[in-house]
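Here the working numbering runs 9 ahead of the position in the sequence shown, where the first position is 1.
From the three backbone atoms N, C-alpha and C, an ideal C-beta is built for every residue, glycine too.
Bear in mind the structure is a predicted one, so any value in this text is a computation, not a measurement.
Worksheet for the structure shown next.
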Amino acid sequence: MNVLLTLEAIYDIADISVYIEAAFGPERALQFEVDIEAQFEKLDRYTHSDTGIRYNDHIIYRDVFSPSIIFFVIINHEIHILRVLREEQDWINLLKSKQNYRYL
């Protein structure tokens, strides 16, 4: 299944990577980026939690990638990564308030 990232998800990953680099060094930040990309490729292999939130009539699912959560929808047999947020963020309100995501 193809995986598409919104610009918001790309910015989320960049922000998390910058934080990891500052706290733990560039090697750990690079490893985070490699690991999360591998996680994206596995999203279609198992059942995910329904957030109870919809985006354009599609169920938003979540996949825990601790301490982050990957939020995505499935549209026409493609996985669209909407956001990658930290667990402690108010992700419910962030997802509810956003109804238009941007792509490259």
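Start and end residues, alpha helix (DSSP H) containing LEU91: Unbroken run through LEU91 is the beta strand (DSSP E), 87-95; no alpha helix (DSSP H).
Output the distance between the C-alpha atoms of GLN108 and GLY34, rounded to the nearest integer angstrom. 35 Å
Name the DSSP bridge partner or partners of ARG63? ILE68
Whole-angstrom C-beta distance between THR56 and ARG71, which should lie under 8 Å: Between THR56 and ARG71 the Cβ distance is about 12 Å, and since that is not below 8 Å, they are no contact.
9 Å Cβ cutoff met for LEU13 and HIS89: yes
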